[in-house]
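Everything on this sheet refers to the single structure shown next.
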Amino acid sequence: MNDLVLSLFRLGFLVLIWLLVLSIVGAMRRDLAIGARARTGAPSARALKKNPELAEPEVSTRKAASTLHIVEGPLAGRSIPLQGEPIMFGRAQDATVVLEDDYASGRHARLFPQGSRWFIEDLGSTNGTFVGDSQLTRAQPVEPGQRIRIGKTVLELKA
Amino acid sequence: MSELHTAPVPRRNLELVLLLLALSVGAAAFFLVGSSSDANDNTDFFVQTGILAGLALLMHIMLRIFAKYADPVILPITVALNSLGLAMIHRIDLAKTTDQSMRQLLWTTIAVIIAAVVLWAIRDHRMLRRFTYIALLASIILLLLPMIPGFGVTINGARIWVRLGPFSMQPGELAKITLSIFFAGYLSSNRDLILMAGRKLGPLQLPRLRDMAPMVVAWVLSIGVLVVQRDLGSSILFFGLFIVMIYVATARISWVLIGLLMVAAGGVFAAMTMSHVTRRIDVWLNAFSPEIYQARGGSMQIVEGLFGMADGGLFGTGLGQGSPYRVPLANSDMIIASFGEEIGLIGLSAIVLLYMLLISRGLRAALGSRDTFGKLLAAGLSFTLGLQCIVIIGGVSRLIPLTGLATPFMAAGGSSLLANWIIVALLLMISHNSRRPMLGGVGPTDEVATPGAITTKAVKNV
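Sequences listed follow chains A and B, in order. Position 58 (the first sequence) corresponds to 194 in our numbering; numbering is contiguous. Position 154 (the second sequence) corresponds to 172 in our numbering; numbering is contiguous.
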């Protein structure tokens, strides 16, 4: 091959590789523009038709829980209003709900809101936290009416 | 930790377009290499281009089926880098009449197929969290494998290889994945504890000693790799990985400072007492002195690489036109120098940019991820890629002492290729899970860590 063709190929290759880099940067444009012009939010009708799973999930009609009742245990009968703040249960003095219970750990469990639901999470307690009959292994949503047991205390969410 | 969400759109067609562009870069490289050889033989051209295109399409179809919302630019970048590497290895083969590129092509095939299997078998990265401690055990076993007498082999002074019949592997390459899984799993469960416990010293919050334990383990592991296996590169990689992950998890600068102090202590100790580290530093600082240039294991390799890059200049000599084969290990450790010579600064900066874009997409997947484990895993894996690039490209360009780490996706070497393709599969999976639309009112988050919500100063009697 003669030199002219070779140099053309050489430069052409450099152009090609930069073309790739620039098209990748161009493809990321949507991510880079995190401003008013970024197309976030609702997907278009066409995108919805192609990918039905994009549809916004139905807004749940379930009413969010508003109070926490203590059903059994040393504090039985009390109720605590839920105000969108996480609640920590335990024997430690800085817990939101201080449990006078030898079967509870210092920081036993945590009840926290996410979306319209409340989740309960065990904080590595010695005797475990139970929702219904099953012991928690990870954060788990609680519905109003489900019984949460921490040591001798039994809690219930009310709508 | 930060989160960032954009509207979910699959963007697989965009990926296909970019993939075709990436494949055409690869094909052009193969074509230039083939046509500039004396024989002007282009039979390999069709084989290589065909196999790579097939593999890329396989991966693309797997993504369409199993990870529809995965990031659209990760796969094209990886394919481009892999095919450029193959072309350069083939080019060195032609000059030296060796047969490394067929081997590399075989390994690429194996790696892509395994990446596809990972994508199919795992689906959801969160299931990896169950294997946190198994991953730690696996990392230790993988790192210790080369030490078994009769099984491990010492090559170029580093005992990091195992031989299995005709195949030799570097099990340590896979250890970077298992270690990332361990760190991500450990830190995502213990983040709250590490964050809240500990004494305050001025602006720094010092961690408790027992929270330091895994950090000490990581430090011992990386120093152990350095001392016993004489592998400086991996030891930097493992410790850097841990510092970054703990910083991403806690956003505490005190951990980074402690880590850097430990690195400094270990580094000074190594430089003073271990002959191979001392020699590398000597080679780095006095590369151009004649004695060191001529010494066995001296600076000849790195200086020849620099001369090559200088010869390439801005535009390079053209693929197949230079003489990168004069540098020892031109197709593995020094492959960046080979590219510097043949496609010049302009081409090499495009390659470096491709790496940067790949790593930024990995970090983007971490930002978008909805669970702590995925965030940490994506950040750790993309940082693994980044650190490899820094260590090896910095070494070749004499910014830091040269240590033997594989240039991701490019350097000849099957284990590194395999490990990096698995990393890409995991990143694609995490980005799919972070970009796909949430089902139901609550996302797939299995935990919502709100460190500010619990105001405990000390954790007693847990």
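All residues carry an ideal CB built from backbone N, CA and C; glycine is no exception. All figures in this text were calculated on a predicted structure; none of them were measured in a lab.
Note to self: Within 10 Å of its beta-carbon, does Q219 (chain A) have 16 or more other beta-carbons around it, so buried, or fewer, so exposed?
What the structure shows: exposed
Check: Going along the chain, which residues of its own chain have a beta-carbon closer than 8 angstroms to the beta-carbon of L372 (chain B), five neighbours each way excluded?
Finding: I95, A98 and L99
Note to self: I'd like to know whether the C-beta atoms of M263 (chain B) and G392 (chain B) end up nearer to each other than 8 angstroms.
What the structure shows: In this structure, G392 (chain B) does not lie closer than 8 angstroms to M263 (chain B) by Cβ.
Notebook entry, point to check: Is the Cβ of F333 (chain B) closer than 8 angstroms to any Cβ of chain A?
Noted result: Answer yes: the Cβ-Cβ gap between F333 (chain B) and chain A drops below 8 angstroms somewhere.
Next item on the list: Determine the burial state of V151 (chain A): buried for a count of at least 16 other Cβ atoms within 10 Å of its Cβ, exposed for fewer.
Entry: exposed
Check: Apart from the five residues on each side of it in sequence, which residues of its chain come closer than 7 angstroms, Cβ to Cβ, to P280 (chain A)?
Finding: A201, L293, K294 and A295
Checklist line | Identified DSSP bridge partners for Q271 (chain A) | finding: For Q271 (chain A), the beta-bridge partners assigned by DSSP are A:F266.
Notebook entry, point to check: By DSSP, does D62 (chain B) sit in helix, in strand, or in coil?
Noted result: helix
Item checked: Helix, strand or coil at A245 (chain A) [DSSP, three-state] -> strand
Notebook entry, point to check: Roughly how many whole angstroms lie between the Cα atoms of A429 (chain B) and P277 (chain A)?
Noted result: 49 angstroms
Checklist line | Beta-carbon spacing of L235 (chain A), R246 (chain A) below 8 angstroms | finding: In this structure, the beta-carbon distance from L235 (chain A) to R246 (chain A) does not fall below 8 angstroms.
Next item on the list: Return helix, strand or coil for L211 (chain A), following the three-state DSSP convention.
Entry: If DSSP states are grouped into helix, strand and coil, L211 (chain A) belongs with coil.
Checklist line | For P217 (chain A): DSSP bridge partner residues | finding: A:T203
Item checked: Span separating the alpha-carbon of G171 (chain A) from that of M447 (chain B) -> Residue placement at G171 (chain A) cannot be trusted, given a pLDDT of 47 that sits under 50; the coordinates are not used to answer.
Next item on the list: With R314 (chain B) as the anchor, note down where its alpha helix (DSSP H) starts and where it stops.
Entry: Looking at the DSSP string, R314 (chain B) is not in any alpha helix (DSSP H), and its letter there is neither H nor E.
Margin query: Does the beta-carbon of D210 (chain B), which I'm using as the reference point, lie nearer than 7 angstroms to any heavy atom of the ligand GTP?
Written below: The ligand GTP is absent from the structure shown, which contains no ligand whatsoever.
Check: With respect to the alpha helix (DSSP H) encompassing I261 (chain B), which residues constitute its N-terminal and C-terminal limits?
Finding: L250 to T268
Check: Can you give the Cα-Cα distance for G459 (chain B) and A282 (chain B), rounded to whole angstroms?
Finding: Note on G459 (chain B): pLDDT 38, under 50, position unreliable in the model; no value is reported.
Note to self: Output needed in chain order: residues of the region 413-440 of chain B with a Cβ under 7 angstroms from some Cβ in chain A.
What the structure shows: none
Next item on the list: With a 10 Å radius around its C-beta and 16 neighbouring C-beta atoms as the bar for buried, classify T67 (chain B) as buried or exposed.
Entry: Under a 10 Å Cβ-count criterion, T67 (chain B) is classified as buried, with 16 or more other Cβ atoms of the shown protein chains found around its own Cβ.
Check: Any beta-carbon of chain B closer than 8 angstroms to the one on N187 (chain A)?
Finding: N187 (chain A) counts as touching chain B.
Item checked: Beta-carbon spacing of G340 (chain B), E322 (chain B) below 8 angstroms -> Not closer than 8 angstroms, so no.
Item checked: Candidates B:S198, B:H143, B:S452 and B:Y311, of which the one nearest F257 (chain B) by Cα -> B:S198
Margin query: Distance cutoff 8 angstroms, beta carbons only. Does I83 (chain B) sit that close to anything in chain A?
Written below: no
Notebook entry, point to check: At a Cβ threshold of 8 angstroms, is F225 (chain A) touching chain B?
Noted result: no
Margin query: Can you tell me which residues form a DSSP beta bridge with Q406 (chain B)?
Written below: Answer by DSSP bridge pairing: none, since Q406 (chain B) is not bridged.
Notebook entry, point to check: In or out: G168 (chain B) buried (at least 16 other Cβ within 10 Å) or exposed?
Noted result: By the Cβ-count criterion, G168 (chain B) is exposed, with fewer than 16 other Cβ atoms from all chains shown falling within 10 Å of its own Cβ.
Checklist line | 6 angstroms Cβ shell around I110 (chain B) - same chain, five flanking residues per side excluded | finding: Y343, A348 and N349
Notebook entry, point to check: Within the 8 angstroms Cβ cut-off, does A231 (chain B) reach chain A?
Noted result: no
Margin query: Please state the DSSP three-state secondary structure of R173 (chain A).
Written below: The predicted model places R173 (chain A) with a pLDDT of 45, which falls under 50 and marks its position as unreliable; any figure quoted below should be read in that light. Of the three classes helix, strand and coil, the one that applies to R173 (chain A) here is coil, per DSSP.
Next item on the list: Name the residue from B:S54, B:I364, B:T268 and B:S367 whose alpha carbon lies nearest to the alpha carbon of D229 (chain B).
Entry: B:T268
Next item on the list: Check whether the Cβ atoms of I160 (chain A) and L36 (chain B) lie closer than 8 angstroms to each other.
Entry: yes
Item checked: Alpha-carbon spacing of P28 (chain B) relative to K86 (chain B), whole angstroms -> 6 angstroms
Notebook entry, point to check: With respect to the beta strand (DSSP E) encompassing A176 (chain B), which residues constitute its N-terminal and C-terminal limits?
Noted result: A176 to L182
Next item on the list: Go through its chain and collect everything with a Cβ distance to R146 (chain A)'s Cβ below 6 angstroms, but skip five positions before and after it.
Entry: none
Check: What residues from the region 91-116 of chain B come within 9 angstroms of chain A, judged by C-beta to C-beta, listed N to C?
Finding: V91, P94, I95, A98 and L102
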